[in-house]
Each structure stands twice: as structure tokens, then as C-alpha cells.
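Top to bottom, those sequences are chains A and B.
By this note's numbering, the letter at position 17 of the first sequence is numbered 239, and the numbering carries on one by one without gaps.
By this note's numbering, the letter at position 119 of the second sequence is numbered 771, and the numbering carries on one by one without gaps.
Cβ atoms here follow ideal geometry from the backbone N, Cα and C, with glycine treated the same way.
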Amino acid sequence: MVRLSTGTFRCVLLTPAGKLLDCKAGALVLPAHDGFRGVLRNHAPMLCKLAGGIMQVKDIVGRDDAFFLVDGGFARISENFVTILAHEVTTFEGMEREQAEKIVSEARSVLVGDAYIRTQTGTADAARAAQLVKLARLSSILSNE
Amino acid sequence: MASTRQILDRRRAVRDIGKVTHTMETVSAVRYQQYYKKWTGGEQFYDTLAQLAYLIVTAEKTIEHPLMLDNKSDCNAILAIGSDRGLCGAHNANICRLIDVHVDMARRFGKKVKIYAKGAKVIGYLKNRGIRLRETYEDFDEVPSPRQVQVIADDFMAQYAAGRIGRLAVVYTRFFSPASQRAQTLMVLPVAELIDDLTTRATVIWPWELAFEDFLLSPSAEKIFDSLAKMMVRASLSACFLEAALSEHLERVVAMRNATDNADEMAGELTRQYNRARQANITEELLEIVSGTIT
């Protein structure tokens with residue numbers, strides 16, 4: 223039987239606006255360009271391009287799991303140190319509940335509104351809005367209906 | 653000698669100006685703190701971006717990418733970033749001087765220049781000089797949002813890839829530290845020069861983690877470099893706008909602090925003048941009473 227690698231590794235999320243996460247995590251799910259990619263301790267050195275999607279950081283030492291909506295970027299894995307570079311990241315962490323709910327309601331209005339039907343750009347916005355609603359569910363902003 | 657009323661009027665005017673300059677100093681100090689926090693927060697991002705670019709371009713396999721190659725176009729693009737408001741020392745004057753140098757150089761070498769500008773002061777100067785502006789950015793205040801930067805960067809990259817521009821240079825005031833800011837030109841396209849600049853400005857370029865280990869690249873190096881180059885151009889343009897705003901506010905804080913100090917000093921001097929004039933009037937009146945003369 224294959225044993226999964228146990229233990230933690232350092233995970234850092236960097237954006238031009240600042241460092242959004244610096245923690246010791248047990249597992250990481252990255253939205254890679256070719257699908258989701260899991261990272262555990264002792265992962266091989268890798269440089270990977272990210273696509274738009276939700277990044278999940280699990281089994282974080284001393285806190286709950288974290289979720290981020292990443293709009294492309296790169297992940298570099300080297301000697302149990304994962305650095306994620308992303309230009310635009312959305313997270314509900316540290317956000318007031320009212321503000322989070324406003325974002326989610328705007329996302330939902332994109333999903334069901336005219337913009338969804340009307341334009342090509344609307345399609346891109348709708349995809350992002352769907353991801354935002356999913357992020358809200360993962361971050362416990364919304365209950366799993 | 654001026655009358656006491658004139659001195660008082662002048663002192664009031666000086667104090668009012670002092671209040672205005674003090675307010676401007678406070679406003680710019682707050683904006684400066686906000687931008688400085690953003691700047692320090694992003695430092696690690698740019699360092700890591702530089703490290704990634706360095707790892708990719710120093711790999712065994714040479715990467716050929718349209719944004720890396722010189723496209724031999726005879727037209728250069730200049731993005732000039734100044735400020736909308738004045739009273740910030742030589743901030744805009746230095747930018748204008750650099751643009752003049754670029755325009756003169758282009759004329760001498762028979763090249764065309766497309767100028768893109770941000771900041772009312774720089775735009776006004778270029779218009780006065782009769783230099784035609786290709787585009788001005790009015791849809792954001794000082795620092796564009798990530799989406800706005802993406803639109804600007806994508807436009808330049810498309811022009812470069814199509815051979816409509818041979819180089820893209822950003823003329824802005826670079827913020828090295830709170831003690832040092834300088835107007836300079838950053839060559840953004842072709843990206844080879846940008847990588848050179850990023851890797852030499854990175855604060856940590858040879859840490860232990862930059863050992864040449866074998867990396868698994870997903871997707872291929874060319875595809876990664878394509879995205880990396882685009883991210884570098886976007887991030888650099890974003891950083892240029894941020895640093896220009898940061899430098900502008902710091903320069904305004906310094907200029908307005910000096911102006912406030914001068915106003916305080918001048919108000920103090922006018923108070924002394926007023927007291928002296930008042931005392932002289934009293935003495936004169938006393939002498940008139942004592943000597944019994946009426947003027």
C-alpha cells in the first residue's frame with residue numbers, strides 16, 4: 223500500500239499587494255494550468271503555471287484551512303518550501319461579513335443576470351463569479367445548499 | 653516702514669498659507685504611508701519574480717520568445733508618469749527633462765517616438781512643447797487597478813509582438829528608499845533588459861534556495877516563460893505607477909514641510925516687525941504728548 227507523505231511544509235502566497243499567507247501546511251491543492259495538483263511534504267522541485275481557480279491550503283498548523291481564488295500565476299516548489307506568485311488573489315479571510323456577502327451577492331447576480339446571457343466577457347465574468355460563490359462556500363461564508 | 657495694519661494683514665496671509673501647506677503635507681504624508689506599506693508588501697513578490705525569471709533564462713536550454721527578441725522596429729514607445737498636482741519639488745521637472753532627452757535622441761537617430769503619458773503636469777508640458785501624445789491615462793487617479801494595468805500592458809505587448817514598437821521605456825521617479833528617489837528610464841520591452849533590471853534590483857538574489865537544482869517544469873519552459881514575461885511586464889508597470897506616486901507624495905511632504913517651516917518663520921518675523929512698529933507708534937505718540945507738538 224502506498225503511504226502518503228506526512229508532515230508539513232512551508233507555504234507562502236505572494237502578491238504585489240503583499241504577503242497573503244505564510245504558514246506551515248500539511249497539504250496544498252493548486253489550480254494548475256492542466257487541472258488541480260496536490261502537494262504534500264517532500265514534493266519534487268517544480269515550477270508550475272497556475273490557471274484561474276481556487277487554491278486550497280489544508281492542515282495548517284495552528285489555524286483553519288485557507289482558500290484563495292487565484293487568477294493565474296506560478297507555484298515554485300523547492301525543498302519543502304512552496305512559493306505561490308499571483309497577480310490577483312481574492313480571499314474572504316479577514317473580511318467583514320457584510321462585505322463578503324456583498325461580493326457574493328454581486329457574483330450571484332452575474333450568474334443569474336443579463337450579463338450571463340449577453341456577452342462573451344460576461345461568460346468570463348460568470349466563470350469567476352461561480353468560483354467566488356464556491357470560495358464563499360469553502361470559507362463558510364455560505365452554507366452548503 | 654509698513655503700517656501695523658499692513659503687517660497684520662501680511663501675517664494673516666502668511667499664516668493662512670502655512671495652514672494650507674501644513675494640510676497638504678498631512679494629506680501627502682497619509683497617502684505616502686499607504687503607498688509605502690503597499691510598496692514594502694510587494695517587495696518579496698518582485699524579488700521572487702526576479703528569481704523565477706533568472707532561473708528560467710539561465711537554464712541550459714535557451715529560450716526564444718517574441719518579447720525577448722529585438723524586433724528592429726524604428727519606433728519606440730515612452731510611457732511618462734508624472735503627477736496631476738504640482739508643489740512636489742522637482743518631481744515633474746525631472747521627468748520632463750528625461751523625456752526631452754529621449755525625444756532629442758530619437759530625432760538624432762532618426763527614430764519615431766510614441767509618447768503615452770500620465771499626470772496633468774507632464775501632459776501640459778508636452779502639449780506646450782508641441783509634442784503629440786499617443787494616449788493619456790485619465791481613467792485612474794494615481795495607481796491603476798490590476799485589471800487596468802493588464803489592459804495597458806497587453807496593449808504594449810501586442811504592439812511589440814506586431815512590430816509596431818521596438819522598445820518600451822517607462823520614464824518615472826523610482827523609489828529606492830525613503831532617503832533616495834530618482835527620475836529614471838526603465839526599459840520594459842524587450843524583456844531581456846527588464847529581467848536584467850529586476851535581477852539586479854532584487855534584494856536577495858543569491859540565497860541558498862537559488863541553487864541550480866533540476867526543476868520539473870509544467871508546462872514547458874517556453875510556455876512558462878510566455879506567462880512569466882507577461883506577468884513581469886504587468887508587475888513592472890504596476891510597480892512604476894506605485895513608485896511614481898510614492899515618490900511624488902514623499903517629495904510633496906518634504907516641499908510642504910519646508911514651506912510650512914518658512915511660513916512659521918516668516919510669521920514670527922512679521923510678529924516682531926509688528927511689535928516694533930507698534931512700539932514705535934506708542935513712543936512717537938508719547939514724545940508728541942511730552943513735547944506738546946501736534947503733527
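Practice prompt. Inspect the beta-carbon positions of tyrosine 687 of chain B and alanine 897 of chain B and report whether they are closer than 7 Å.
Written response: Between tyrosine 687 of chain B and alanine 897 of chain B, the C-beta spacing is below 7 Å.
Worksheet item: Using a Cβ-Cβ cut-off of 7 Å (strictly less than) and excluding sequence neighbours within five positions of glycine 192 of chain A, which residues of its own chain qualify?
Response: One cannot answer for residue 192 of chain A here, as it falls past the ends of chain A, which runs 223 to 367.
Worksheet entry | Residue nearest to glutamate 900 of chain B in terms of C-alpha spacing, selected from B:Arg664, B:Gly815, B:Lys770 and B:Arg760 | When B:Arg664, B:Gly815, B:Lys770 and B:Arg760 are compared, the shortest CA-CA separation from glutamate 900 of chain B is found for B:Lys770.
Worksheet item: Looking at the structure shown, is cysteine 740 of chain B part of a helix, part of a strand, or coil, going by DSSP?
Response: In the displayed model, cysteine 740 of chain B falls within coil according to three-state DSSP, outside both helix and strand.
Worksheet item: According to the Cβ coordinates, are leucine 357 of chain A and isoleucine 282 of chain A closer than 7 Å?
Response: The beta carbons of leucine 357 of chain A and isoleucine 282 of chain A sit no closer together than 7 Å.
Worksheet item: Which residue's Cα is closest to the Cα of methionine 676 of chain B: B:Arg662, B:Val906, B:His743 and B:Ser890?
Response: Ranked by Cα distance from methionine 676 of chain B, the options B:Arg662, B:Val906, B:His743 and B:Ser890 are led by B:Val906.
Practice prompt. Flag this pair as yes or no: are the beta carbons of valine 311 of chain A and valine 292 of chain A separated by less than 7 Å?
Written response: With contacts defined by Cβ atoms closer than 7 Å, valine 311 of chain A and valine 292 of chain A form a contacting pair.
Worksheet entry | serine 362 of chain A, buried or exposed, once every other Cβ within 10 Å from all chains shown has been counted against 16 | It is exposed - the Cβ of serine 362 of chain A has fewer than 16 other Cβ atoms within 10 Å.
Worksheet item: Excluding five sequence neighbours on each side, which residues of the same chain lie with their C-beta closer than 6 Å to the C-beta of asparagine 746 of chain B?
Response: Ala835.
Discussion item. For a quick check, are the C-beta atoms of methionine 908 of chain B and threonine 673 of chain B less than 7 Å apart?
Written reply: Yes, Cβ-Cβ distance for methionine 908 of chain B and threonine 673 of chain B is below 7 Å.
Fill in: Range of the contiguous beta strand (DSSP E) that encloses glycine 295 of chain A
Residues 288-300.
Item to complete: On a CA-only basis, which of B:Ser735, B:Tyr684 and B:Leu704 is nearest serine 300 of chain A? Give me that one, please.
Response: Ranking the options by Cα distance to serine 300 of chain A, first place goes to B:Leu704.
Worksheet entry | Rounded separation between glutamine 685 of chain B and glycine 240 of chain A - CA only | Roughly 15 Å separates the two Cα atoms.
Discussion item. Taking the beta carbon of glycine 316 of chain A as the centre, do at least 16 other beta carbons fall within 10 Å, making it buried, or is it exposed?
Written reply: Its Cβ having fewer than 16 others within 10 Å, glycine 316 of chain A is exposed.
Worksheet item: Can you tell me the Cα-Cα spacing of cysteine 233 of chain A and alanine 247 of chain A, whole angstroms?
Response: Going by the C-alpha atoms only, they are around 6 Å apart.
Fill in: Buried versus exposed call for threonine 710 of chain B [16 or more other C-beta atoms within 10 Å across all chains shown]
That one is exposed.
Worksheet entry | Partner residues on chain B for arginine 298 of chain A, Cβ-Cβ distance less than 7 Å | Here the neighbours are Leu704.
Item to complete: Mind reading off the beta-carbon distance from serine 735 of chain B to asparagine 744 of chain B? Whole number of angstroms is fine, and I expect it under 8 Å.
Response: Between serine 735 of chain B and asparagine 744 of chain B the beta-carbon gap is near 6 Å, inside 8 Å, which marks them as a contact.
Discussion item. I want to check one thing, is the minimum distance from the CB of aspartate 756 of chain B to the heavy atoms of the ligand MN below 6 Å?
Written reply: Of ligands this structure carries none, so the ligand MN is not represented either.
Discussion item. Less than 6 Å between C-beta atoms, sequence neighbours within five positions excluded: which residues of the same chain meet that for alanine 351 of chain A?
Written reply: Taking C-beta separations shorter than 6 Å and ignoring five residues to either side along the sequence, the partners of alanine 351 of chain A in its chain run Ala329, Val332 and Leu333, following chain order.
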